[in-house]
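Let me begin by presenting the structure, written as structure tokens, before commenting on it.
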Amino acid sequence: MSTSTAQIREISGRAVAVRGNDVDTDRIIPARYMKELTFDSLGQYSFYDQRFDASGKTTDHPFNESRHRGAKVLLVNKNFGCGSSREHAPQALKRWGIRAIVGESFAEIFAGNCSAIGVPTLTVGPEEIDQLMKQVEAEPDTQLHIDLESRTLQAGDFRLSFYLPESQARVLLSGTWDTTTTLLEGLEQIQAAAARLPYVKDFPYDRCEVDLPGGA
Amino acid sequence: MGKNLLRKVWELHKVRTLPSGQDQLYIGLHLIHEVTSPQAFAMLAERGLKVLHPERTFATVDHIVPTDDQYRPFKDDLAEQMIRALERNTSKHGIPFFGLDSGLQGIVHIIGPELGLSQPGMTIACGDSHTSTHGALGAIAIGIGTSQVRDVLATQTLALNPLKVRRIEVRGRLSPGVYSKDIILRIIAELGVKGGLGYAYEYGGPVIETLPMEARLTICNMSIEGGARVGYINPDQVTFDYLEGRRFVPKGAEYRKAAGFWKQIASDADAEYDDRFQLDADTLEPMIAWGINPGQAVGVDQRLPMLKELKEEEREAVEMAYNHSRFRPGQPIKGQKIDVAFIGSCTNGRISDLREAAGRVKGRKAAKHVKALVVPGSQAVAEQAAAEGLPEIFREAGFQWRQAGCSMCLGMNPDVLVGDQVCASSSNRNFIGRQGSPQGRTLLMSPAMVAAAAVAGEVADVREFSRGGKA
Numbered sequence: 001m002s003t004s005t006a007q008i009r010e011i012s013g014r015a016v017a018v019r020g021n022d023v024d025t026d027r028i029i030p031a032r033y034m035k036e037l038t039f040d041s042l043g044q045y046s047f048y049d050q051r052f053d054a055s056g057k058t059t060d061h062p063f064n065e066s067r068h069r070g071a072k073v074l075l076v077n078k079n080f081g082c083g084s085s086r087e088h089a090p091q092a093l094k095r096w097g098i099r100a101i102v103g104e105s106f107a108e109i110f111a112g113n114c115s116a117i118g119v120p121t122l123t124v125g126p127e128e129i130d131q132l133m134k135q136v137e138a139e140p141d142t143q144l145h146i147d148l149e150s151r152t153l154q155a156g157d158f159r160l161s162f163y164l165p166e167s168q169a170r171v172l173l174s175g176t177w178d179t180t181t182t183l184l185e186g187l188e189q190i191q192a193a194a195a196r197l198p199y200v201k202d203f204p205y206d207r208c209e210v211d212l213p214g215g216a
Numbered sequence: 217m218g219k220n221l222l223r224k225v226w227e228l229h230k231v232r233t234l235p236s237g238q239d240q241l242y243i244g245l246h247l248i249h250e251v252t253s254p255q256a257f258a259m260l261a262e263r264g265l266k267v268l269h270p271e272r273t274f275a276t277v278d279h280i281v282p283t284d285d286q287y288r289p290f291k292d293d294l295a296e297q298m299i300r301a302l303e304r305n306t307s308k309h310g311i312p313f314f315g316l317d318s319g320l321q322g323i324v325h326i327i328g329p330e331l332g333l334s335q336p337g338m339t340i341a342c343g344d345s346h347t348s349t350h351g352a353l354g355a356i357a358i359g360i361g362t363s364q365v366r367d368v369l370a371t372q373t374l375a376l377n378p379l380k381v382r383r384i385e386v387r388g389r390l391s392p393g394v395y396s397k398d399i400i401l402r403i404i405a406e407l408g409v410k411g412g413l414g415y416a417y418e419y420g421g422p423v424i425e426t427l428p429m430e431a432r433l434t435i436c437n438m439s440i441e442g443g444a445r446v447g448y449i450n451p452d453q454v455t456f457d458y459l460e461g462r463r464f465v466p467k468g469a470e471y472r473k474a475a476g477f478w479k480q481i482a483s484d485a486d487a488e489y490d491d492r493f494q495l496d497a498d499t500l501e502p503m504i505a506w507g508i509n510p511g512q513a514v515g516v517d518q519r520l521p522m523l524k525e526l527k528e529e530e531r532e533a534v535e536m537a538y539n540h541s542r543f544r545p546g547q548p549i550k551g552q553k554i555d556v557a558f559i560g561s562c563t564n565g566r567i568s569d570l571r572e573a574a575g576r577v578k579g580r581k582a583a584k585h586v587k588a589l590v591v592p593g594s595q596a597v598a599e600q601a602a603a604e605g606l607p608e609i610f611r612e613a614g615f616q617w618r619q620a621g622c623s624m625c626l627g628m629n630p631d632v633l634v635g636d637q638v639c640a641s642s643s644n645r646n647f648i649g650r651q652g653s654p655q656g657r658t659l660l661m662s663p664a665m666v667a668a669a670a671v672a673g674e675v676a677d678v679r680e681f682s683r684g685g686k687a
């Protein structure tokens, strides 16, 4: 059983800003590209309908700009990743090359999905994100350095503190962001918790009429 | 001070506190479907893990199924591969699968309640954000991503951060032609699409208490559109009556035990909340979400907002909505021409939704330029509708009557908008590209309003469409 996931302490690299509040996961990856049995090929579909117009021509979306090619940090505004719970969205961004997302706020399911695949979601204030975005747009070669332990971000001469939920920080720093292993360690307690539940012990599902494939 | 339902259910299901500080919660019901589960099964296989509780896991197929021609293999090979993977995975792990030939297939959030799988006091998880739907039964139902689907398959638990609870009281009386869809659209418009971040929404008050279960499911379904991952309604007599006799609900003495538990899991009268919000239903009119998120909504008699009227915070998203929709600031929404009418989805694909819509189209015809589609939320809904003669009413009015699935809600199956079509839709999201065309435009409204729009060929006020008569 492969269990180990890497510790994530620092992320360094260039950044790309995708401006706008309430960027939903349908925009991050359109549903038609989710007809896949694996996540492997999703990177190319990141922001697909924003990057190409109706005739298939490339737009001026920041993900199309050569000066932002290879960016590892994505800068966003409020409520990024709202809507559908599709993990395809952070999986696509990760496969595009994004290793951390810095924004004003994140939709909860999206932030959880990011954490589960080792992509930290860092929260900063509105003035700070504005300054970061302006800097990166003006000087795309700006190197960002994110230190999760000290919760600091350095971008050129600009240094700021960010918020990272304590639980996310702990799992990333300790390399336990792949939660299955941690959860399974409580197997005995899981079984004990189940046995206490009234709907497990006193009135389980009525299965007398069921005849389904899978053998309910 | 007493406890709210969320707190009680949380404590009941808590396995332990994890080293991260999160809580490990036991999940009573895990629902899976073809889109977000294959990668999770692959991860299990990679690690040599089995499904811990296949008997608490149920599968169906909904997102990718064609609603016209369900002959196998599907014409779309990718869709065929996805249903085959689900068939393989459920059979390998002994997970009950409500497939296309089961008579029980449908949208996952329609069939959970319909089969009595979703019950008060349970924790429910599904790899779909509209899992919040099941909260209408008094469950804590959580939408999750694929890595978490893997977690639940392997451990029947999730690592979760605690949630705050906002009590939303709906007072007054609903006028005729105003539905629970209008309540939730108005709540989202008032609290905003980010208003629910970090919160579970508890809906209550006199209006909610008098709503039938199917109307409650619509409200909880769209909690996520307000940013709240979880939404719920305390179980009451409506809940108990809805559940009694359903397929998976315990019978006889066990039912009485269940009902006893369900009663005491409801929020205490003096329960504590982290926040409160009140909505007066007296002033509510049929709502239309016209923009690019469900919070950009107006009443049918209102005009679209002028940019200068808006708070700076909202202006940018509204500007983007105008750029996308090419609607004019200040134009009335009533009278906006539509091209497509879609009745269905996990929000509004239940029998009561179809009855309301059928009542409005009976004896009328959809406008010639409108493509109108009715898609029952499940095979059971389709069967019930057939018994009531609804398909004939819709067909005579020029609507297409389809088979159960997610259909035109999300653009993952053949039912999609083309070009910049405008769609009056009973679904839940008007995001750019949501209905399958990057240029498509979605107007969210109640099923009765969609029926009225289909007949008028433009956004119309359902209150001017009496049931079964001439407008």
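Residue numbers (the working numbering), protein chains in the order written: chain D, 1 to 216; chain R, 217 to 687.
Every residue, glycine too, gets a C-beta built ideally from N, C-alpha and C.
- Phenylalanine 456 of chain R carries a helical assignment under DSSP once its states are collapsed to helix, strand and coil.
- Secondary structure at proline 548 of chain R: strand, using DSSP grouped into helix, strand and coil.
- For cysteine 639 of chain R, same chain residues with a beta-carbon under 8 Å away, outside a window of 5 residues either side, are Ile554, Asp555, Val556, Ala557, Phe558, Met624, Leu633, Gln651, Gly656, Arg657, Thr658, Leu659 in chain order.
- For glutamate 10 of chain D, there is no enclosing alpha helix (DSSP H); the enclosing beta strand (DSSP E) has its first and last residue at 10-13.
- Per the coordinates, the alpha-carbon of proline 654 of chain R lies some 19 Å from the alpha-carbon of lysine 587 of chain R.
- For the pair leucine 302 of chain R and isoleucine 323 of chain R, the Cα-to-Cα distance works out to about 15 Å.
- Straight-line measurement puts the Cα of glutamine 637 of chain R at about 20 Å from the Cα of valine 516 of chain R.
- Taking C-beta atoms as the reference points, threonine 121 of chain D and alanine 107 of chain D fail to come closer than 7 Å.
- The stretch 611-631 of chain R makes contact with the stretch 576-596 of chain R; the number of CB pairs closer than 8 Å reaches 3 or more.
- With the rule of 3 Cβ pairs closer than 8 Å, the stretch 340-358 of chain R counts as touching the stretch 430-445 of chain R.
- In the structure shown, the three-state DSSP call for histidine 229 of chain R is helix.
- Nearest Cα to arginine 95 of chain D within the set D:Ile29, D:Glu137, D:Glu166, D:Ser41: D:Ser41.
- Around aspartate 569 of chain R, the same chain offers Pro663 as residues with beta carbons nearer than 6 Å, after the five sequence neighbours per side are excluded.
- In its chain, beyond the 5 residues on either side, no residue has a beta carbon closer than 7 Å to the beta carbon of lysine 308 of chain R.
- Assigned with DSSP and collapsed to three states, glutamine 616 of chain R falls in strand.
- Taking a cut-off of 8 Å for Cβ pairs, the stretch 282-299 of chain R and the stretch 381-399 of chain R do not touch, as fewer than three such pairs fall below it.
- Put simply, of D:Gly118, D:Lys57, D:Phe162 the residue whose alpha carbon is nearest the alpha carbon of glycine 97 of chain D is D:Gly118.
- For valine 18 of chain D, the closest C-alpha among the options D:Arg9, D:Phe47, D:Lys35, D:Ser84 is that of D:Phe47.
- For glutamate 418 of chain R, the beta-bridge partners assigned by DSSP are R:Arg383, R:Tyr448.
- For the pair of segments examined, the stretch 241-260 of chain R was found to touch the stretch 192-207 of chain D: the number of CB pairs separated by less than 8 Å reaches three.
- Interface residue (Cβ-Cβ distance to chain D less than 7 Å): glutamine 240 of chain R is classified as such.
- Cβ atoms of glycine 337 of chain R and alanine 355 of chain R come within 8 Å of each other, at about 7 Å.
- Residue pairing for alanine 341 of chain R: DSSP places it in a beta bridge opposite R:His246, R:Ile358.
- At a cut-off of 7 Å between beta-carbon atoms, serine 334 of chain R makes no contact with chain D.
- Residue pairing for histidine 279 of chain R: DSSP places it in no beta bridge.
- Interface with chain R (7 Å Cβ-Cβ cutoff): methionine 34 of chain D is included.
- Along the stretch 572-612 of chain R, the beta strand (DSSP E) occurs as fully enclosed runs of 3 or more residues at 587-590, listed in sequence order.
- Per DSSP, cysteine 639 of chain R lies in no alpha helix (DSSP H); the unbroken beta strand (DSSP E) holding it starts and ends at 638-641.
- Secondary structure note for histidine 325 of chain R: its alpha helix (DSSP H) is the uninterrupted segment 324-330.
- Between proline 329 of chain R and chain D, the shortest Cβ-Cβ separation is not below 7 Å.
- Neighbours of glycine 43 of chain D across chain R, judged by C-beta separation under 9 Å, do not exist; the nearest C-beta is about 15 Å away.
- The CB of histidine 229 of chain R comes closer than 8 Å to the CB of Ala193, Leu197 in chain D, given here in chain order.
- Going by beta carbons, isoleucine 404 of chain R and proline 510 of chain R fall inside the 7 Å limit.
- What arginine 151 of chain D touches in chain R, judged by beta-carbon distance under 9 Å, is nothing: the nearest beta carbon there is about 16 Å away.
- Within the same chain, Ile11, Gly13, Arg14, Ala15, Val16, Ile98, Arg99, Ala100, Ile101, Val102, Leu144, Ile146 come within 8 Å of valine 73 of chain D by CB-CB distance, once the 5 residues on both sides are set aside.
- Secondary structure note for alanine 100 of chain D: its beta strand (DSSP E) is the uninterrupted segment 100-103.
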